[in-house]
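Once you know that position 649 of the sequence shown is 648 in numbering that gives the first Met the number 0, the rest is easy, because the numbers rise by one and skip nothing.
Idealized CB from N, CA, C, for every residue including glycine.
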Amino acid sequence: MRAAPVPTHWPFVRGESAALARALDHDRCPLGPAAQWPQTLRMLIDMMLPSQAEIVLFWGEDYLAFYNDAYAPTIGNKHPAAFGRPGREHWSELWDDLQPLLDRVLHFGETVAAQDRPFRINRHGQMEEVFFDISYSPVREHDGRICGVLCIVKETTARVNATRRLAASEAHLREMEEQWRLAQAAGGVGVFVLDIPADTITASPGFYRAFGLPAHAGPMPSSLLESLKAPGESTAMSSRRSRNDGSAPLDVEYRIRRADDGQLRWIWRRAEIVRDSTGTPLLMRGVVQDVTVRHHAQATLRESEERFRALAQAVPNQVWTAGADGALDWVNQQVLDYTGQRPDALLGHRWLAVLHPEDRAGMRAAWLQSAETLLAYSTEMRLRRHDGSWRWQLVRAQPVQASDGSMRWIGTTTDIEHQKAAQAQLQALNSSLVQTVEERTRDRDRLWQLSTDVMVIADLKSGRILHVNPAWQAVLGWTEQELLGTSLMDYGHPDELAQSQRELERLGTGLPTTRYESRLRHRDGSYRTLSWTAVPDAPNLHAVGRDVTALRESEARLRHSQKMEAVGQLTGGIAHDFNNMLQGITGAIEVMRRRVAKGHTEGLDRFMDSAAQSATRAASLVQRLLAFSRRQSLDPRPIDVNRLVRSMEEMLRRTLGEHVRLAVELDSEACLAIGDESQLESAILNLAINARDAMPSGGLLRLCSANLQLGDGDVEPLRSGKYVRITVADTGSGMPDDVLAKAFDPFFTTKPIGQGTGLGLSMVYGFAQQSGGHVRIDSKPGDGTSVALYLPCAEALVHDEPAPPQAAAPVAGDGEVVLLVEDDPGVRLLVREVLTELGYRTLEAPDGSSAVPILQSAERIDLLVSDVGLPGLNGRQLAEIARQSRPGLRVLFMTGYAARAAIRSEFLAPGMDMIAKPFAVDELAERIRRMVAGRAVGG
């Protein structure tokens, strides 16, 4: 048969246990796969797997079990599940007995050995008592740390049971054969007398039993006994010739094959030869005993010693054995390699030659104490190495007492030179550390006294002040005596107490505080702004505060200056663009006036269209300014972002052109967003156009939606909650940092003159802020730009009611009256003209105060048309006064800009509507007709 191939992965031996080791992983073994095991463990497994001895290794604090194939049968059905698992799992029924033995080895470095040690184990489905010869030894890492327990065992259950049965048989024989009681008590001795001339034997029953022969009442031929001689036993057993010439050995041991069962047994025989007066041998008489058990025990002991010595040669430590007086009788190769000596130069007490003279007294005292108490021996000493250097060694030995009372020592020697050097360095370091700590303490005290920042140690829970430095008096005017025992909260600004309490509670959770600013009361009653850094150190907190009052005042002045500069830039930009638009309007009107004066009316449409276009551009500019200032009038509703994007997709593809690819990636789970749908559509279009302009050579534009659950601080300045994010990302040129910093500034643009107002991103920013959201730009030159627009999620979709079908334009009813309140004469003239064309009688007032008497009079009024931003009473206040005396009055607001009208749903009450300036005349007429018609229908 061909041998099985050698495995290609460690362990490189055949066998079931080796295969189990290769198959282990994190699920089957806490150490994970074999490739991650410590080198010491792998070396021990390499040593024990091919061994014929029964070996199990318990590794680590969990006593992970690794064993060889020879050991596996001794645990029965626990194999193979026990391999690589904690010992407690599969040795549970005897763990209370086994664990203390393992703990003695692992935790105290003892060696545990015993013969015929009993254990109660369930290995075949039922509890049974088994016996083992055991030898448990510690396994150490290279640093001397014990990492496992190596157990070399041999099951002796059969031998013990056989011995017990034999003892019972011998006891019974003693009862049956009182004449042989003493002999049987000594171990089953049989007595015989051999008649040499007749070559016959007369013997006791015990003799016959030893040889497996039936008892004979009379003499038995000696040839029958000689026929039982085992092969190879040619000289130990006497022969007829050796007996006749008197040369037969008298005290011998030999093997026989017992007659009844064919077993090989060892027989010990001691005899004497009785001679006649001439010296001729007449009788051989003596005793025999079956000593098979002793031979087996001796063989087991020899095998155990051989295993021990093989193991001792394999471990990296120096291992030795000694007699009771400490004389070495065996050393392993590591001892010879270290000392450079031959064994005969070390055995006995000659090893003392390599012991440092200064360490002999301490070694001897420790040795004598261990010998007297029979406790483990452990000491440190210096031994001379083969190169002549003295190195520190940790010497440990375990006394082992034999059954005859004699004692031996089994010991190990471990090199700890590096550990001793490290200890010396640590002691030096500790001394240096003490000095350093003292110096730093003095430095800290000087810093505490000299720092211009306020320092405080306070109770972590209550904020009660325990210690303060002198800077408190310099910065806040309070002395240490005034502060101690009071609470930090006693000096806080009333508006900030709740926030300061939350920050104190946050410190109580173990989180430090950095750059937290609060105002503290000065002794003169004023307040100073301090920036705090604090760390918790239960039960106290340590905090340092820097006075930033002057800095914050300076920053406020700087911000005011920057605001004024921004206002200047804004007004300059507005003036520039409005002058262009006004030129288009006034120039067209001037040309038309001249032509009409000359009677030339042909071609006037062209100039009227130009003036209208300039006015439309001016209106768009105003809307963008209002969006940036977050003062535009919004109609926030739940928006299906995905539906809006899909409805814009075709328009966007046409706008982007063929050279830009559009990729729409919508989150099917995207929530409804809160916002003004028309403004969101305008924002997405603006961002898409900017992205297109950033890719003059073509590229990819990605339009995405996604749901987000944000926490506090995830996206500043948004609060925690659910948001929908709309992302417009391009692969264009990107923006450098200086351009990115100005991206939201009004009128800032990188486009050529005439190709952009610089208000697109400003409008997007204003719309996002006004809607409770945020906008963020990420861009790098060459990597493109990504703009993320965050809008808060709505709870549910509110379906718009379908608009009623357009009816024919109603005309004014008989006597229907509209009250027009507008402070701008031009607008008032325009609206009055529209009302007159519609057939309404119009009452006018230039402001709210003038309108109140009319509203409180008995005059019929069917509709109030009012500007929102009136001088004095604004339009909304006027409407409230009007409804006190006319509860059902319909109100149409006109607004060009009004801070309070920014959110329509919050501004308008039932029966009210709003139209934004500038408006088309037709739109105004339609809105007035609808409002009056509603009033007429509703009564």
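Beta carbon of residue i nearer than 7 Å to that of residue j
i, j, result
"H521", "L475", "yes"
"F210", "L193", "no"
"A669", "S646", "no"
"I145", "R139", "yes"
"L393", "T372", "no"
"I860", "L818", "yes"
"S848", "G871", "yes"
"W408", "A309", "no"
"R306", "I151", "yes"
"V763", "I776", "no"
Same chain only: Cβ atoms within 6 Å of residue i, ignoring 5 sequence neighbours per side
i, result
"W477", "W471 and R522"
"L503", "G462"
"N121", "E92"
"A20", "P10 and A33"
"L700", "V659, L661, A690 and D729"
"D61", "P85"
Limits of the alpha helix (DSSP H) - the one that residue i falls within
i, result
"Y207", "P204 to F210"
"N685", "E676 to D692"
"A80", "Run containing A80: none; DSSP gives neither H nor E here."
"V657", "According to the sequence as given, residue 657 is Glu; it is not Val. Where E657 is concerned, there is no enclosing alpha helix (DSSP H), given that its DSSP letter is neither H nor E."
"H417", "E416 to L449"
"V334", "Q332 to T338"
"V826", "P824 to L837"
"N243", "R239 to N243"
Unbroken beta strand (DSSP E) run spanning residue i, endpoints
i, result
"A844", "R840 to A844"
"Y789", "G783 to P791"
"I272", "L263 to R274"
"F57", "E53 to W58"
"S377", "Y376 to R383"
"P999", "Here the chain covers residues 0 to 938 and nothing more, so residue 999 does not appear."
"P99", "Segment W94 to F107 is the alpha helix (DSSP H) holding P99; no beta strand (DSSP E) there."
"R701", "G698 to L709"
Distance, residue j Cα to residue i Cα
i, j, result
"M591", "E832", "22 Å"
"F191", "T156", "33 Å"
"A614", "D921", "16 Å"
"P105", "E252", "Note on residue identity: the sequence assigns Leu, not Pro, to residue 105. Computed Cα separation, rounded: 43 Å."
"N243", "P398", "52 Å"
"A360", "E109", "24 Å"
"Y66", "T411", "24 Å"
"L482", "D452", "16 Å"
"H487", "V774", "Before going further, note that residue 487 is Leu rather than His in the sequence given. Their Cα atoms are separated by approximately 39 Å."
"V292", "A52", "20 Å"
"P909", "T600", "48 Å"
"T955", "I914", "Limits of the chain in this structure are 0 at one end and 938 at the other, which puts residue 955 out of reach."
"A69", "G31", "24 Å"
"V931", "R889", "8 Å"
"A897", "G887", "Reliability of the predicted coordinates at A897 is poor, the pLDDT of 46 falling under 50, and no value is obtained from them."
"N316", "Q426", "27 Å"
"A767", "A742", "15 Å"
"V318", "V353", "16 Å"
"P99", "E128", "19 Å"
"V816", "G598", "39 Å"
Own chain, CB closer than 7 Å to residue i, minus 5 neighbours either side, in chain order
i, result
"S241", "A247"
"K419", "W391"
"A229", "R254, I255, R256 and L263"
"I588", "A610"
"A431", "Looking at the sequence provided, one finds Ser at residue 431 rather than Ala. Here the set comprises nothing."
"T199", "P218, M219, P220 and S221"
"G339", "H385"
"I195", "R242, N243, P280, L281, L282 and M283"
Distance between beta carbons of residue j and residue i, contact taken as under 8 Å
i, j, result
"L651", "L661", "6 Å"
"W940", "R381", "There is simply no residue 940 to check, as the chain begins at 0 and stops at 938 in what is shown."
"Y789", "L717", "6 Å"
"P538", "L459", "6 Å"
Beta-carbon proximity list for residue i, same chain, < 8 Å, skipping 5 on both sides
i, result
"A365", "Y376, S377 and T378"
"C28", "L63, G83 and R84"
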